[in-house]
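Read through the structure below, which is laid out as structure tokens, and then see the notes.
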Amino acid sequence: MTTTDSDFGLIGLAVMGQNLALNVESRGFQVSVFNRTTRVTHDFMAQHPGKRLLACETLQQFVQSLARPRKVQLMVQAGAAVDAVIEQLIPLLEPGDIIIDGGNSLYTDTERRDAHLGSKGLRFVGAGISGGEEGARKGPSIMPGGSASTWAAIKPIYEAIAARVDGEPCVVHIGPGGAGHFVKMVHNGIEYGDMQLICEAYALLRAAGMPTAEVARVFDTWNQGDLQSYLIEITARALEQVDPETGKPLVDVILDKAGQKGTGRWTLISAAENAVVISTINAAVEARVLSSMHALRQVAATQLAGPEGALTIDHQALVAMVHDALYASKVISYTQGLDLMRTMGEKKNWGLDLGAIASIWRGGCIIRARFLERITEVYHADPGLANLALAPYFCELLGRVQQPWRQVVALAVSQGIPVPAFSASLAYYDSLRSARLPANLLQAQRDFFGAHTYERVDKPAGQWFHTQWPEVID
0 MTTTDSDFGL IGLAVMGQNL ALNVESRGFQ VSVFNRTTRV THDFMAQHPG KRLLACETLQ
60 QFVQSLARPR KVQLMVQAGA AVDAVIEQLI PLLEPGDIII DGGNSLYTDT ERRDAHLGSK
120 GLRFVGAGIS GGEEGARKGP SIMPGGSAST WAAIKPIYEA IAARVDGEPC VVHIGPGGAG
180 HFVKMVHNGI EYGDMQLICE AYALLRAAGM PTAEVARVFD TWNQGDLQSY LIEITARALE
240 QVDPETGKPL VDVILDKAGQ KGTGRWTLIS AAENAVVIST INAAVEARVL SSMHALRQVA
300 ATQLAGPEGA LTIDHQALVA MVHDALYASK VISYTQGLDL MRTMGEKKNW GLDLGAIASI
360 WRGGCIIRAR FLERITEVYH ADPGLANLAL APYFCELLGR VQQPWRQVVA LAVSQGIPVP
420 AFSASLAYYD SLRSARLPAN LLQAQRDFFG AHTYERVDKP AGQWFHTQWP EVID
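Numbered according to numbering that gives the first Met the number 0, the sequence shown spans residues 0 to 473.
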């Protein structure tokens, strides 16, 4: 039975919004719902009779139905749609009311909206939500940003609806302003890297002649061990699926043309702006772009020479090598993403707790994985850790598996099998462990053509030198 005052309001009844509303309601809260298309609201209510859901046909009715301070969550498309709904809500709300953007908004948009609403006495939260449709319904990982006092007001609801691991909710106050959406953006970047690495592992096993069903069993076995993760699990399930129309494995009839919604690209832009290397994530984004160039690739495949991309190797040996290469590369992908968060957190004074962030990623979210337990432990032991790869556990791990990792990359390159994310991960590892890189020559080049100066190894740091280079005659 509904009452006149709802505990929570949700605008936007696409699949994620519907599932989130049902999740909140199932935890003992009354939820008011509104959708721009009234028919969608009516259909939603008809499908869920007897719930503590209050359907509203106008925004005025919606706002009036909420207990104060009002808590209004938007689940609408990122960008202009968010701004449009906010502007419609502003004249209807009262000082102290809270608007929550639960979509994948760019963090700079969140900061702009936070300042705008703050000037009007309203509170704003940018909450990253991971877990897809199932997570929204059963318990996602939630990354809310905003003021501490605003977090305190929404904390009971968010802790109730979040996934739980070891009894702890997979939600924590990330930090002020756009911190929540920034962390969700990087989470998605890591997700890009993770997915591409899994696809490259699949490609290598198939190149060795392993049937799709056998590859599915490999991923299923990996999911029982240290590679256990949601993405590994769904990969096994996807590879098992048979197309009813052709009788072939479904993945074999899916066009190899990947899509993307922008969070990976945003992550690359942020990394470039903050001088942070995220080469694995970059390789993953570029791999999606190259996949989308499907027509060009069909032409190039008939004109560009190279190996056939077939591997002649014992399957059991290959599986073991690819397992290690995948594990090592996944560690590097997380290393790079966490480095970007650490750098940006320090720059913005967000006070990001990387251990707590890794902890809430253990359940509900798309990148949940067993080894996040290790990452959580590492950052709890050393909150100021400069780079995840330097933590004793991961340092030992990367050293132990580097030989099969190198073998996999070398084998793929020699046979013309593209493994951009594996290769980028290994190159990052080798660059990171190199006490001296060929950037000395690069600095000489820069000074030669642009008088950009350079430092010397035999002089104190911070002293700059310039050479009168010989004139080049064309």
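Backbone N, C-alpha and C fix where the C-beta goes; we use that ideal spot for every residue, glycine too.
Separation of residue j from residue i, as counted between CA atoms
i: Ser477; j: Asn34; result: Because residue 477 is not part of the residues shown, which for the chain are 0 to 473, the question remains open.
i: Gly8; j: Gly350; result: 30 Å
i: Leu53; j: Ala66; result: 13 Å
i: Val456; j: Asp429; result: 21 Å
i: Pro391; j: Gln29; result: 48 Å
i: Ser269; j: Ile280; result: 12 Å
i: Leu337; j: Glu56; result: 43 Å
i: Gly127; j: Leu371; result: 18 Å
i: Gly16; j: Asn273; result: 34 Å
i: Met206; j: Asn386; result: Here residue 206 turns out to be Ala, not Met, going by the sequence shown. The alpha-carbon atoms of Ala206 and Asn386 are separated by roughly 34 Å.
i: Ala237; j: Met209; result: 16 Å
i: Val250; j: Ala283; result: 19 Å
i: Met184; j: Ile356; result: 13 Å
i: Pro68; j: Phe61; result: 14 Å
i: Trp468; j: Leu441; result: 14 Å
i: Val77; j: Gly177; result: With the sequence shown as reference, residue 77 is identified as Ala, and Val is not the correct amino acid for it. Going by the C-alpha atoms only, they are around 14 Å apart.
i: Ala79; j: Thr301; result: 43 Å
i: Ile277; j: Leu267; result: 7 Å
i: Ser146; j: Thr234; result: 38 Å
Contacting residues, own chain, Cβ-Cβ under 6 Å from residue i (five flanking each side not counted)
i: Asn18; result: Glu132, Ala135, Arg136
i: Gly415; result: Gly305, Pro306, Gly308
i: Leu203; result: Val321
i: Pro419; result: Ala282, Ala286
i: Met0; result: Because Met0 carries a pLDDT of 42, less than 50, the predicted location of this residue cannot be relied on, and no value is offered for it.
i: Val318; result: Val217
Cut-off 7 Å between Cβ atoms - residues of its own chain near residue i, not counting five sequence neighbours on either side
i: Trp221; result: Ile231, His322
i: Val75; result: Ile10, Gly11, Val81, Val84, Gly102
i: Val400; result: Asp323, Tyr326, Ala327
i: His465; result: Asp446, Ala450, Thr452
i: Glu506; result: Past the boundaries of the shown model lies residue 506; the chain is included only from 0 to 473, so the question cannot be answered.
i: Tyr191; result: Gly263, Ile280, Ala283, Val284
i: Gln227; result: Ala368, Arg369
Three-state class that DSSP yields for residue i in the structure shown
i: Phe28; result: coil
i: Val298; result: helix
i: Lys70; result: strand
i: Gly144; result: strand
i: Leu436; result: coil
i: Leu105; result: coil
i: Gly305; result: coil
i: Leu344; result: Reading the sequence as shown, one finds Gly at residue 344 and not Leu. Three-state result, Gly344: helix.
i: Ser278; result: helix
i: Leu9; result: strand
i: Val471; result: coil
i: Leu52; result: strand
i: Pro459; result: coil
i: Pro168; result: strand
i: Gly179; result: helix
i: Gly174; result: strand
i: Arg445; result: helix
i: Arg35; result: coil
i: Leu310; result: coil
i: Leu65; result: strand
Contacting residues, own chain, Cβ-Cβ under 8 Å from residue i (five flanking each side not counted)
i: Ile153; result: Lys70, Ile97, Ile99, Val124, Pro143
i: Gln476; result: Shown here, the chain extends from 0 to 473; a query on residue 476 therefore has no answer.
i: Arg405; result: Leu425
Top-ranked residue by Cα proximity to residue i, from the options
i: Gly287; options: Ile356, Cys198, Glu372; result: The question names Gly, but residue 287 in the sequence shown is Arg. Cα-wise, what sits closest to Arg287 is Cys198.
i: Gly11; options: Gly27, Gln442, Ser5, Val39; result: Val39
i: Met486; options: Tyr378, Cys394, Phe421; result: With the chain represented from 0 up to 473, any question about residue 486 goes unanswered, as that position is not in the structure.
i: Ala380; options: Asp352, Glu395, Leu397; result: Asp352
i: Ala309; options: Trp404, Ala294, Ala411, Ser291; result: Ala411
i: Gln315; options: Val217, Thr211, Glu158; result: Val217
i: Val517; options: Ala426, Ala300, Met44; result: Residue coverage of the chain in this structure runs from 0 to 473, which leaves residue 517 outside it and unanswerable.
i: Gln59; options: Ser31, Val276, Asp219, Arg373; result: Ser31
i: Glu213; options: Pro248, Glu244, Lys260; result: Pro248
i: Asp242; options: Ile253, Ala235, Ile233, Thr234; result: Ile253
i: Glu86; options: Gly344, Ser290, Leu121; result: Leu121
i: Ser413; options: Thr311, Tyr378, Leu389; result: Thr311
i: Gln63; options: Gln46, Pro175, Met340, Leu88; result: Leu88
i: Val377; options: Thr37, Gly354, Pro437, Arg26; result: Gly354
i: Lys347; options: Ala299, Lys256, Phe181; result: Phe181
* Return the chain-ordered ranges of every alpha helix (DSSP H) run that is complete within the stretch 362 to 418 and spans a minimum of 4 residues. => Taken in chain order, the unbroken stretches of alpha helix (DSSP H) that lie wholly in the stretch 362 to 418 and span 4 residues or more are 371 to 380, 391 to 413.
* Tell me the start and end of each unbroken alpha helix (DSSP H) in the stretch 196 to 273 that is at least 4 residues and wholly inside, in chain order. => For the stretch 196 to 273, whole alpha helix (DSSP H) runs of length 4 or above, ordered along the chain, are 211 to 221, 229 to 239, 249 to 252, 262 to 272.
* Asked: Whole beta strand (DSSP E) runs in the stretch 72 to 141 with 3 or more residues, listed along the chain?
  -> At a cut-off of 3 residues, the continuous stretches assigned as beta strand (DSSP E) that sit fully inside the stretch 72 to 141 are 97 to 100, 122 to 129.
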